[in-house]
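Asks: Numbering (the working numbering), first residue to last: -4 to 148.
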Amino acid sequence: MSKVIGIDLGTTNSCVSVMEGNEPVVIPNSEGRRTTPSIVAFMDSGNGERKVGDPAKRQAITNPQNTISSIKRFMGSTYTEVEKEVAEMSYKVVRGDNDTPRVLIGDRKYTPQEISAIILQKMKKTAEDYLGTEVTRAVITVPAYFNDSQRQA
-4 MSKVIGIDLG
6 TTNSCVSVME
16 GNEPVVIPNS
26 EGRRTTPSIV
36 AFMDSGNGER
46 KVGDPAKRQA
56 ITNPQNTISS
66 IKRFMGSTYT
76 EVEKEVAEMS
86 YKVVRGDNDT
96 PRVLIGDRKY
106 TPQEISAIIL
116 QKMKKTAEDY
126 LGTEVTRAVI
136 TVPAYFNDSQ
146 RQA
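1) Among residues of its own chain, excluding the 5 on either side of Arg90, which ones have a beta-carbon nearer than 6 Å to its beta-carbon?
2) At 3 residues or longer, and completely inside the region 2 to 49: list those beta strand (DSSP E) runs for me, N to C.
3) Work out the CA separation of Met38 and Asp49 for me, nearest whole Å.
4) Measure the Cβ-Cβ separation of Asn58 and Ala36 and say whether it is below 7 Å.
5) Any heavy atom of the ligand NAP inside 6 Å of the beta-carbon of Tyr105?
6) At 3 residues or longer, and completely inside the region 50 to 81: list those beta strand (DSSP E) runs for me, N to C.
7) State yes or no: is the C-beta of Ile2 within less than 7 Å of the C-beta of Ala133?
8) Ends of the beta strand (DSSP E) at Pro138?
9) Within the continuous alpha helix (DSSP H) that includes Lys120, where are the two ends?
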């Protein structure tokens, strides 16, 4: 039976852990750090290349319009609810269907959930590399202050 991992998907940083024996172990990422910046960068190469975590953070200054951070704050919210925050972002956030906030990268509109899923994929891969096996089960934390709509997202 595969191990169950725990993922803390944070607004600023994320981390992944696993129980080893009776002790939780925070798994280091490919850069050797126990936390991974919750940042996704879409590269201008045109081949769909993405960077997640520290590599995304390192290139943010030269690619701000395609570097997504703090996406969790938009999850489960309407565009109207976050409109003031949108103006402060280095990336373009537009109104999507049903008043949902969407991140515009090129001609594609990503939901906050899709961007968060990219971060979760990175955390899953970090755990799989550490454990040497496929991970099929995870517990993902949500902040206590999230409302039901945000939890469901």
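For glycine and all other residues, C-beta sits at the position ideal for the given N, C-alpha and C.
Note that the structure is predicted; figures quoted are calculated from it, not measured.
Replies: Straight from the coordinates:
1) Sequence index remark: in the sequence shown, residue 90 carries index 95 (1-based). Excluding residues within five positions, the ones whose Cβ falls inside 6 Å are Tyr74.
2) Qualifying beta strand (DSSP E) stretches, in chain order: 8 to 15, 18 to 21, 34 to 37 and 45 to 47.
3) Residue numbering aside, residue 49 sits at position 54 when the sequence shown is read from its first letter. Residue numbering aside, residue 38 sits at position 43 when the sequence shown is read from its first letter. Going by the C-alpha atoms only, they are around 14 Å apart.
4) The residue given as residue 58 occupies position 63 in the sequence shown. The residue given as residue 36 occupies position 41 in the sequence shown. Contact flag set, yes.
5) The ligand NAP is absent from the structure shown, which contains no ligands of any kind.
6) 62 to 64
7) Here the question's residue 2 lines up with position 7 in the sequence shown. Here the question's residue 133 lines up with position 138 in the sequence shown. Yes, Cβ-Cβ distance for Ile2 and Ala133 is below 7 Å.
8) Walking along the sequence shown from the start, residue 138 turns up at place 143. Where Pro138 is concerned, there is no enclosing beta strand (DSSP E), given that its DSSP letter is neither H nor E.
9) Within the sequence shown, the letter at position 125 stands for residue 120. Its alpha helix (DSSP H) spans residues Pro107 to Leu126.
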